[in-house]
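Numbering (the working numbering), first residue to last: 2 to 723.
Even for Gly, the Cβ is constructed at its ideal location relative to N, Cα and C.
Bear in mind that the values here come from a model prediction, so they are computed numbers and not experimental data.
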């Protein structure tokens with residue numbers, strides 16, 4: 002008897018050959034295959050009489066094979082199989098190209114269903130390259146059919162694995178698997194009016210009508226969302242039981258600290274800071290996401306929280322001040338956060354450090370800064386002689402031991418991924434406490450998506466820009482206006498301004514089946530480098546030979562990138578040609594123009610990030626979106642960047658256009674495909690959240706729901722949630 006855990010290679014018809022093909026798409030057990038859902042359906046349920054067929058129609062016919070012949074076309078060098086098929090109303094030709102093996106299947110005298118497009122040829126009406134299914138006595142019933150005469154599932158395909166082959170395997174599995182245990186409590190099924198697992202698994206593959214397929218997918222989407230919400234809520238409960246450092250501060254201390262700044266915080270900055278500080282007062286760990294538009298001042302808010310923990314306004318005592326680790330995804334961004342700290346808090350004398358793959362620096366206030374050996378800096382961290390440490394993922398390494406880590410700040414947190422976040426917290430338990438966690442993101446995440454993917458985090462939003470910022474003028478530039486854009490850039494540089502030029506990433510291609518295929522990451526990187534070099538050569542030698550043009554890309558060494566950014570920041574470079582390496586964090590107030598080549602090849606959220614690199618100073622800034630595409634949809638998409646009133650409004654549009662997986666990056670979220678698509682359904686997100694809350698209120702340990710607990714444990718392993 003088959004079970005869900007049966008290895009797929011033991012299933013009749015699979016074997017080692019197909020087992021290896023399935024392994025490549027992460028399908029290795031019976032359960033994996035049954036949960037390999039169709040991405041669309043063909044309605045082949047209506048069998049049409051041959052006399053009623055029309056040219057251009059996609060139709061299903063049933064008839065007897067009257068004759069069969071095969072020949073080779075010398076012109077195109079392909080084998081052509083032709084059959085004459087008749088039913089009670091007439092006859093039609095069926096033609097297959099390069100399918101020689103069908104000569105052993107398509108034989109005179111058999112009855113077949115054929116599904117395909119009707120075309121007109123010299124010989125009359127023809128059904129071209131049809132899907133075929135031989136009709137035996139047992140297959141007169143539509144329920145026994147797999148490929149025609151019913152609603153037919155179409156699966157994501159790969160080389161050597163076709164939808165027809167997958168259907169061939171799944172149908173007998175469904176007939177022989179027996180009853181699958183239902184992991185969802187009966188009260189949830191009844192309340193949410195969703196199908197049981199056995200009905201849903203049959204209908205998701207072989208529905209009697211399209212509505213059945215939709216109901217089945219709804220059930221599995223709800224299930225995945227429900228488990229995801231359970232994981233998030235249980236994480237909240239678990240954190241509430243952990244201990245963290247509880248900071249003590251007064252309003253007067255905070256006011257005194259804010260007075261050090263040369264500007265006043267915006268209302269939403271103050272509100273976010275207050276929410277964070279209230280969390281730091283609690284004896285259990287904070288788990289908060291700070292979201293805000295590019296340039297909204299998230300970094301200052303996070304640094305202020307770190308200063309409170311460091312006890313900045315209190316007498317120096319190495320044993321008293323608590324430590325903060327401030328992590329960024331790139332060296333450039335980590336260094337920039339460190340420099341921001343030095344710029345605004347020159348009097349901080351309790352030790353701030355910078356540690357990346359290539360740098361180790363320590364700052365003790367009043368411009369006292371020194372380069373250190375990394376090993377010496379690590380010793381100072383361990384002795385609690387440094388209170389705020391900026392860095393990259395280098396801070397996660399096991400050899401970095403914090404003496405009294407109270408707060409971890411992670412910038413662009415979805416870029417780190419779930420595992421790295423967990424690794425940091427796991428490595429740095431101190432005195433039986435775990436640090437507070439503050440994540441920051443400049444990619445505005447729609448509410449339904451954040452509730453689903455980051456549901457274990459509280460949310461603070463900075464939704465206004467600092468006072469005095471001018472709106473960035475954004476224009477779509479057609480190829481015919483490129484020279485005008487260059488002339489405008491020259492004029493701005495002559496005024497003393499600076500320019501970013503961004504080169505595109507590589508566009509996805511598709512395979513023979515129309516499925517997207519991504520080039521390997523190293524190939525993407527090298528092709529991006531090639532594009533940047535070509536653009537640099539063109540701009541520096543042909544377009545702006547009299548201006549200072551620089552170049553930056555991901556294959557440069559850290560020291561080279563840092564030196565290039567230093568030159569750009571000190572105005573030694575007028576125009577910086579770059580890949581998306583400058584997408585986050587680069588802050589050059591004198592840069593007023595962002596020119597993006599092939600802007601249509603980027604997502605809206607990424608374009609929004611690029612645009613946020615300018616408009617940070619007193620001068621009017623501009624963003625030019627260059628595109629060769631004349632497509633109406635492309636221009637509508639780019640116009641939404643111009644028209645959106647906020648990053649959150651734009652994020653909603655980006656989510657609708659690209660889907661959640663593309664929006665965040667599948668490997669960073671660990672969320673099943675169906676759940677990610679279901680994020681666009683706020684009602685389903687809401688109901689799954691409520692159901693999870695009710696179950697945990699009733700039974701936090703899930704002791705009375707053993708099947709649910711087992712399935713939840715498996716779910717966490719399957720989707721790599723840490």
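Apart from the 5 residues on each side of it in sequence, residue 601 sits with its Cβ closer than 6 angstroms to the Cβ of 628, 630 and 635 in its chain, given in chain order. According to DSSP, residue 129 shares a beta bridge with 96 and 118. Rounded to whole angstroms, residue 220 and residue 10 show a C-alpha spacing of 29 angstroms.
Within the same chain, 88 and 90 come within 7 angstroms of residue 50 by CB-CB distance, once the 5 residues on both sides are set aside. In terms of Cα proximity to residue 504, the closest of 480, 474 and 554 is 554.
Inter-segment contact for the stretch 250 to 260 and the stretch 287 to 295 is absent: fewer than three beta-carbon pairs are separated by less than 8 angstroms. By the criterion of a C-beta distance shorter than 7 angstroms, residue 129 is surrounded in its chain by 96, 117, 118 and 120, once the five residues flanking it on both sides are discounted. Between residue 291 and residue 310, the gap from beta carbon to beta carbon reaches 8 angstroms or more.
Separation of the CB atoms of residue 440 and residue 411 is rounded to 5 angstroms, and the pair is thereby assigned contact status at 8 angstroms.
In the DSSP secondary-structure assignment, residue 159 is bridged to 162.
In the three-state reduction of the DSSP assignment, residue 83 falls in the strand class, which pools E and B.
Close CB contacts of residue 20 within its chain, under the 7 angstroms cut and outside five residues either way in sequence, are with 9 and 10 (chain order). Going by C-alpha positions, residue 679 is about 9 angstroms away from residue 225.
For residue 292, the uninterrupted beta strand (DSSP E) segment begins and ends at 288 to 293. When DSSP states are grouped into helix, strand and coil, residue 258 belongs to the helix group. Residue burial annotation: residue 360 is buried, with at least 16 other C-beta atoms found within 10 angstroms of its C-beta. Residue 689 places its beta carbon less than 8 angstroms from that of residue 223. Per the DSSP secondary-structure output, residue 134 pairs in a beta bridge with 114. In this structure the stretch 320 to 337 does not lie against the stretch 482 to 502, because fewer than three pairs of beta carbons, one per stretch, are closer than 8 angstroms.
Residue 155 places its beta carbon 8 angstroms or farther from that of residue 264.
Within the DSSP bridge table, the entry for residue 624 names 475 and 595 as partners. Taking C-beta atoms as the reference points, residue 570 and residue 544 fail to come closer than 8 angstroms.
A check of alpha carbon separations from residue 166 across 594, 132, 177 and 702 identifies 132 as the nearest. In terms of Cβ geometry, residue 355 and residue 403 do not form a close pair [threshold 8 angstroms]. A Cβ-Cβ distance of about 10 angstroms is found for the pair residue 201 and residue 208, leaving them out of contact under the 8 angstroms criterion. The count of Cβ pairs closer than 8 angstroms, one atom from the stretch 265 to 275 and one from the stretch 460 to 476, reaches three, so the stretches are in contact. Looking only at 52, 278, 99 and 332, the smallest Cα-Cα distance to residue 92 is reached by 52.
Judged by beta-carbon spacing, residue 563 lies beyond the 8 angstroms limit of residue 254, meaning their Cβ atoms are not closer than that value. By the Cβ neighbour-count rule, residue 138 is exposed, with fewer than 16 other Cβ atoms within 10 Å of its own. For the pair residue 494 and residue 479, the Cα-to-Cα distance works out to about 22 angstroms.
CA-CA distance, residue 103 to residue 212, rounds to 34 angstroms. Residue environment for residue 42: buried (at least 16 other C-beta atoms within 10 angstroms of its C-beta).
Nearest C-alpha to residue 434 among 250, 66, 714 and 283: 283. For residue 72, the uninterrupted beta strand (DSSP E) segment begins and ends at 59 to 74.
Residue 43 is bridged by DSSP to 153. Annotation: residue 246 is outside any beta strand (DSSP E) and is labelled neither H nor E by DSSP.
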